[in-house]
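Here is the structure we will look at.
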Amino acid sequence: MSTKAYYPISEIGAGKVGFSKTRSIIEAAFYGNNVVKVNTLKEAYELAKNSPGTVVTDMPVYRGEEFGLEKDAKVLLFNDGAVTGRYAAARRIKGEPGVDAAKLDKVAMDAVYETRWKTMYHAECFVGLDPEFMVKAHLLIPEGEENIMYNWMLNFQYMSDEYVKMYKNSKAVGDGKEPDIYIFSDPQWVPGNRPDVDYSCLSDPLTLCYFDTEQNCACILGMRYFGEHKKGTLTMAWAIANRNGYASCHGGQKEYTLADGSKYVASVFGLSGSGKSTLTHAKHDGKYPITVLHDDAFIINTDTCSSVALEPTYFDKTSDYPTGCPDNQYLLSAQNCSCTLDEEGKIQLVTEDIRNGNGRAIKSKLWSPNRVDKIDAPVNAIFWIMKDPTIPPVVKLKGSALASVMGATLATKTSTAERVAAGTDMNALRIVPYANPFRTYPLVNDYEKFKKLVEEKNVDCYIVNTGDFMGAKVKPADTLGILETIVEGRAKFEAWGPFEDIEIMYDWSGKTGDFTPNLQDKDYVAQLKNAMENRVQAVEDFATKKEGYDKLPDEALAALKKLVDEAASL
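Be aware that the sequence shown starts at 3, since it is given in my numbering, and climbs by one per residue.
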């Protein structure tokens, strides 16, 4: 089996894999006499349907029996309260400098103790959809939070007969030494007032996402938003993948079949709202057969360059899908949306972020009829999606160090999927390495893996700007036209001014505006130079913050400084 659930007596004990202090605190809770095992998606649906506050809409789950539900299952809506996004400040990663594991372990111990008064549900699922990479995950969550459990089982792969057989025949990850993922969650948690528990280790005294990713376990406290449980699970799956020779990807991947029968595999990396889902699912007016791996979470084998999806379904924003939109036929559940009665008195979702920002829904695999769980063909290109107004709609990066460090300094804007501090400028650029704020290991691990893909596996690397270029909006038609030109081999990249390692495409199909950079414009040049300097500063900060935990090799900094010097020559 892919991850380990059962141990010979000789393998149990201090200092052995699967038996850290934090994991021991968390795993023991799963075996309490207050724990009820939820074995099927049908059970989870009934529990969620009858959970106080659930809205059972009159929207049927399309072909629900194919997903382990009853034929008459309905889309369930549940609203979380005031918090409708992820909260990065609550994350604590064991092993990172400045993280006091001793104090956090005591918080977890006390939280587990307090749940003895509650009925707890234990659910299981698989993360990873191919025998090459499948891991088993366990969730323990209290009565009253049935909708989180149901959504978690929908989002990942519930234990159907097909996937149970696949898992039994799957490859052992990490030579059989990787333990199952265990997640203890209590959204109802409030800190106690015990003198032996020090809550000063929390940035927010009411919330905590505590990860021991070396031992595949987590403790999530005071977090109602389902996205915390989704990304928390992916956090550990990505960490397992990273340890075992994969590049962990927060992005989308698709495979084009060209007229001559050849394959072109494109991977796009961006935060929520960057356009990664739009680019991943675009059908290009039927110009070529397309298969989609996933639009949010996958891994690339850095030896074979094949890719595996981690989730079967899609956790998408509902703001782009108004009530009555045909795509809503594929909804399985919804969160943080409103609802109303239609002319027939039936309950319908109100999906356009009227109630709050970041309304969400889980869509079934059927939404993308060209879905696959694995792409065997090697990846051809990486596209870093940025919203940097100094970067043209597309540039090509030469050299593996520059290609990888540009991913490490990916510039974007804050997503509405995140809970941020009051006064945060949502339009200000910020650096999110590889568009993955869920990394729990040193940044150099990602740097080396993406560098390997470019240097040893001849993967091309581009930056696409899906925001605006010096005030001119880059529209989806522009970006899709760029992708088509590159995929079809028609792209002509030329030297860009003094930059030796960046090439530009001056013409492409579908262009709706003038995006030609004017290197004679001193204001533009100054902004471009400043954007490059910000990246240099980010890499220098990686070397000093968190005691150098995320320091990159000197070659990465040198590649960026070269760009600054070239910009200064203009």
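Ideal placement from N, C-alpha and C gives every residue a C-beta, glycine not left out.
Quiz prompt | Whole-Å CB distance - Gln337 paired with Phe80, under 8 Å assumed | solution = As a first step, residue 337 is located in the sequence shown; it is residue number 335 there, counting from the start. As a first step, residue 80 is located in the sequence shown; it is residue number 78 there, counting from the start. By a beta-carbon distance limit of 8 Å, Gln337 contacts Phe80. Their separation comes to about 6 Å.
Quiz prompt | Where Met428 falls, given that 16 or more other Cβ within 10 Å makes a residue buried | solution = Locating residue 428 in the sequence shown gives position 426, counting from the first residue. Residue placement at Met428 is poorly supported in this model, since its pLDDT is 44, which falls under 50; the coordinates still yield a value, given next. The residue is exposed, with fewer than 16 neighbouring Cβ atoms inside 10 Å.
Quiz item: Does the segment 218-231 come close enough to the segment 245-257 to have 3 or more Cβ pairs within less than 8 Å?
Solution: no
Practice problem: Within its chain, find whatever has a CB closer than 6 Å to the CB of Arg357; leave out the 5 residues flanking it on each side and keep chain order. | Solution: Stepping through the sequence shown from its first residue, residue 357 is reached at position 355. Cβ within range, chain order: Ser340.
Quiz prompt | CA-to-CA distance, Leu204 to Lys265, given in whole angstroms | solution = In the sequence shown, the residue the question calls residue 265 occupies position 263. In the sequence shown, the residue the question calls residue 204 occupies position 202. Rounded to whole angstroms, Lys265 to Leu204 spans 49 Å at the Cα level.
Practice problem: Starting from the N-terminal side, write out each stretch of the beta strand (DSSP E) that is 3 residues or longer and does not extend beyond the segment 455-538. | Solution: 462-467, 496-498, 501-506
Quiz prompt | Cβ pair count under 8 Å reaching 3, the segment 183-192 against the segment 8-15 | solution = no
Self-check item: Residue range of the unbroken beta strand (DSSP E) whose run includes Lys303
Solution: As a working note, residue 303 is residue 301 in the sequence shown. Note that residue 303 is Asn in the sequence shown, not Lys. Segment 300-303, the beta strand (DSSP E) holding Asn303.
Quiz prompt | Where Ile150 falls: helix, strand or coil (DSSP) | solution = As a first step, residue 150 is located in the sequence shown; it is residue number 148 there, counting from the start. DSSP places Ile150 in helix when its eight states are reduced to three.
Quiz item: Would you call the segment 363-375 and the segment 59-70 touching, i.e. three or more CB-CB distances under 8 Å?
Solution: yes
Quiz item: So what does DSSP say about Arg373, is it helix, strand or coil?
Solution: On the sequence shown, residue 373 is found 371 positions in, with the first residue counted as 1. In this structure, Arg373 counts as strand in the three-state DSSP scheme.
Quiz item: Buried or exposed: Thr426, going by 16 or more other Cβ atoms within 10 Å of its Cβ?
Solution: Position 424 of the sequence shown holds residue 426. In this prediction, Thr426 has a pLDDT of 46, which is less than 50 and means its spatial position is unreliable; what the coordinates show is noted afterwards. By the 10 Å Cβ count, Thr426 comes out exposed.
Quiz item: Which of the three DSSP states, helix, strand or coil, is assigned to Phe69?
Solution: Position 67 of the sequence shown holds residue 69. Helix.
Exercise. To the nearest angstrom, report how far apart Met136 and His296 are at their CA atoms.
Key: As a working mapping, residue 136 is identified with position 134 in the sequence shown. As a working mapping, residue 296 is identified with position 294 in the sequence shown. Those two C-alpha atoms are separated by around 16 Å.
Exercise. Starting from Val37, follow its DSSP beta bridges and name the residues at the other end.
Key: To locate residue 37, count along the sequence shown from 1; it is residue 35. According to DSSP, which records beta bridges pairwise, Val37 is partnered with Met122.
Quiz item: Where Asp287 and Trp119 are concerned, what is the direct C-alpha to C-alpha distance, given to the nearest angstrom?
Solution: Within the sequence shown, residue 287 is the residue found at index 285, counting from 1. Within the sequence shown, residue 119 is the residue found at index 117, counting from 1. If you take the alpha carbons of Asp287 and Trp119, they lie about 57 Å apart.
Practice problem: Look up Ala139 in the DSSP assignment and say whether it is helix, strand or coil. | Solution: For the purposes of this step, residue 139 is identified with residue 137 of the sequence shown, where counting begins at 1. In the structure shown, Ala139 sits in a strand (DSSP, three-state: E or B).
Quiz prompt | Of the listed residues Thr56, Ala437, Ala410, nearest to Tyr449 (C-alpha basis) | solution = As a first step, residue 449 must be located in the sequence shown, where it is residue number 447. Out of Thr56, Ala437, Ala410, Ala410 has the C-alpha closest to the C-alpha of Tyr449.
Quiz item: Where do the N-terminal and C-terminal ends of the beta strand (DSSP E) with Trp191 fall, by residue?
Solution: For the purposes of this step, residue 191 is identified with residue 189 of the sequence shown, where counting begins at 1. From DSSP, Trp191 is part of no beta strand (DSSP E); its letter is neither H nor E.
Exercise. Decide yes or no for the touch test of the segment 384-404 against the segment 144-159: beta carbon pairs closer than 8 Å, at least 3 of them.
Key: no
Self-check item: Residues that DSSP places opposite Thr356 in a beta bridge
Solution: Within the sequence shown, the letter at position 354 stands for residue 356. The sequence shown places Ile at residue 356, not Thr. Paired residues: none, contrary to the question.
Quiz item: Residue range of the beta strand (DSSP E) that Ala268 falls in?
Solution: Counting from one through the sequence shown, the residue named residue 268 turns up at place 266. Here the beta strand (DSSP E) through Ala268 covers 265-271.
Quiz prompt | C-alpha distance - Asp107 paired with Arg441, whole-angstrom precision | solution = Start at 1 with the first residue of the sequence shown, and residue 107 comes out as number 105. Start at 1 with the first residue of the sequence shown, and residue 441 comes out as number 439. One C-alpha to the other measures close to 21 Å.
Exercise. Identify, in the order they occur along the chain, each residue of the same chain with its Cβ nearer than 7 Å to the Cβ of Ala424, setting aside the five sequence neighbours on each side.
Key: Stepping through the sequence shown from its first residue, residue 424 is reached at position 422. Below a pLDDT of 50, predicted positions are generally treated as unreliable, and Ala424, at 49, falls in that range; no measurement from the model is reported.
Exercise. Would you kindly work out how many angstroms separate the C-alpha atoms of Leu565 and Leu281, rounded to a whole number?
Key: In the sequence shown, residue 565 corresponds to position 563, counting from 1. In the sequence shown, residue 281 corresponds to position 279, counting from 1. Looking at the two C-alpha atoms, the distance is approximately 28 Å.
Quiz prompt | Segments of 4+ residues assigned as alpha helix (DSSP H) that fall wholly inside the segment 9-53 | solution = As summarised for the segment 9-53, the continuous alpha helix (DSSP H) elements at least 4 residues long and confined to that stretch are 23-30, 43-51, given in chain order.
Quiz item: Considering only C-alpha positions, which residue in the set Lys18, Ala243, Ala174, Arg88 is nearest to Lys6?
Solution: Indexing the sequence shown from 1 puts residue 6 at position 4. Comparing Cα positions, the closest option is Ala174.
Exercise. Would you kindly work out how many angstroms separate the C-alpha atoms of Phe452 and Asn460, rounded to a whole number?
Key: As a first step, residue 452 is located in the sequence shown; it is residue number 450 there, counting from the start. As a first step, residue 460 is located in the sequence shown; it is residue number 458 there, counting from the start. Distance between Phe452 and Asn460, taken at the CA atoms: about 11 Å.
Self-check item: Nearest-angstrom Cα separation, counted from Glu346 out to Ser4
Solution: The residue given as residue 4 occupies position 2 in the sequence shown. The residue given as residue 346 occupies position 344 in the sequence shown. About 50 Å.
Quiz item: Per DSSP, Gln255 forms a beta bridge with which residues?
Solution: Reading the sequence shown from its first residue, position 253 is the one you call residue 255. Per DSSP, Ser269, His296.
Practice problem: Answer yes or no: do Val407 and Glu134 have a C-beta to C-beta separation smaller than 8 Å? | Solution: Within the sequence shown, the letter at position 405 stands for residue 407. Within the sequence shown, the letter at position 132 stands for residue 134. No, they are not a contact pair.
Quiz item: Rounded to a whole number of angstroms, what is the C-alpha to C-alpha distance between Gly469 and Gly272?
Solution: Taking the first residue of the sequence shown as 1, we reach residue 469 at position 467. Taking the first residue of the sequence shown as 1, we reach residue 272 at position 270. Whole-angstrom Cα-Cα distance: 12 Å.
Exercise. Check whether the segment 532-544 touches the segment 491-501, counting contact only when three or more Cβ pairs, one atom from each stretch, lie closer than 8 Å.
Key: no
Quiz prompt | Residue closest to Glu549, alpha-carbon to alpha-carbon, out of Lys400, Lys494, Gly100 | solution = On the sequence shown, position 547 is the one that residue 549 refers to. Nearest option by C-alpha distance: Gly100.
Quiz item: Does DSSP classify Ser571 as helix, strand or coil?
Solution: On the sequence shown, residue 571 is found 569 positions in, with the first residue counted as 1. It is coil, neither helix nor strand.
Exercise. Measure from the alpha carbon of Thr86 to the alpha carbon of each residue in Trp386, Leu412, Gly361, Met472, then state which is nearest.
Key: Working through the sequence shown from its first residue, we reach residue 86 at position 84. Closest option to Thr86, Cα to Cα, is Gly361.
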